[in-house]
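These notes are about the structure you will find just below.
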Amino acid sequence: MNVDITVLVTLVGVVGTISGIYFGFWKAKKDEQKTLKEDTVQNTVVATKLDTISKGVDDIRIDFKTQAREIQRMQLDQARLDESVKSAHHRIDELQEIIKKEGVR
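Here the sequence shown stands for residues 10 to 114, where the numbers follow our numbering.
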């Protein structure tokens with residue numbers, strides 16, 4: 010009877026050890042799947058944010074190009090205005106010379 014109890018205790022210990030190993034591996038696998046799922050969610054969030062940032066950068070680039078074209082147009086307009094003002098001053102100077110020579114009528 011003493012041997013039967015020893016064998017029984019040994020079997021219970023072996024079964025406990027084997028079940029502990031099994032449940033340990035099972036828990037590790039479950040935790041790995043959970044971690045993988047969390048990582049996937051996190052990567053999706055990061056990818057979404059990067060897409061949003063990329064779209065914002067593209068919008069800024071388009072706005073920048075539009076502003077560059079507008080500045081170039083304004084510079085051309087300014088050059089034309091400068092030439093027009095220069096021409097007007099030249100004509101005014103000519104009129105003043107004529108008035109000085111002929112006098113005011």
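In this text, a Cβ means the ideal position worked out from N, Cα and C, and glycines have one as well.
Item: In whole angstroms, what is the alpha-carbon distance linking E106 and A77?; Value: 43 Å
Item: Any idea what DSSP makes of G112, helix, strand or coil?; Value: coil
Item: Out of curiosity, what's the CA-to-CA distance linking K109 and L90?; Value: 28 Å
Item: What separation, rounded to the nearest whole angstrom, lies between the Cα atoms of E111 and E103?; Value: 12 Å
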